[in-house]
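Right, one structure below, let's go through it.
In our numbering, the protein residues as written are 6 to 152.
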């Protein structure tokens, strides 16, 4: 009887120490982030870069453009509202997606392509690699915190 008591006590202790996050499906979270990237890219193509970046930015998001840090959703909106470029095209797709063991942060990187026409009528083109850090929101959606 004493062995049963100690066995139950040990089992209770082990269960209480279990990590509830261990059940997080890492691949599912990576797929969620990949889907968020796709929706982000699609929204930029359909409704414009400003709409897409404002929609997918976390309230504390930070972007680096040139040598300038743009902090917060309102600043991101103002940054894109100030743009004088026309015929803006931006597309990207992640080559790599990873997620933290906690399941609430992830990051992506991959190639991007940008083109636009400046106020002098000159075409501007840029190609390179992007890096985005994502945070999972309380509703299960993903917003970027760094771009």
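Note that CB positions come from ideal geometry on N, CA and C, so glycine has one too.
Note that the structure is a prediction, hence the values are computed from the model and not measured.
Counting C-beta pairs with one atom in each stretch, the stretch 37 to 48 and the stretch 91 to 106 have three or more that are closer than 8 Å, which means they touch. Secondary structure at residue 56: helix, using DSSP grouped into helix, strand and coil. In chain order, 55 place their CB closer than 7 Å to the CB of residue 86, counting only its own chain and leaving out the 5 sequence neighbours on each side. Per DSSP, residue 82 is one residue of the alpha helix (DSSP H) stretching across 78 to 86. Distance between residue 61 and residue 149, taken at the CA atoms: about 6 Å. DSSP, reduced to helix, strand and coil, places residue 50 within a helical segment of the structure shown.
In this structure the stretch 27 to 43 touches the stretch 105 to 122; the number of beta carbon pairs closer than 8 Å is three or more. In the three-state scheme derived from DSSP, where H, G and I count as helix and E and B as strand, residue 41 is classed as helix. In the DSSP assignment, the residues bridged to residue 129 are 121. Under the DSSP definition of a beta bridge, residue 96 partners with 118. Between residue 59 and residue 90, the CB-CB gap reaches or exceeds 9 Å. Per the DSSP secondary-structure output, residue 91 pairs in a beta bridge with 122. In this chain, residue 144 is not harboured by any beta strand (DSSP E), its DSSP state being neither H nor E.
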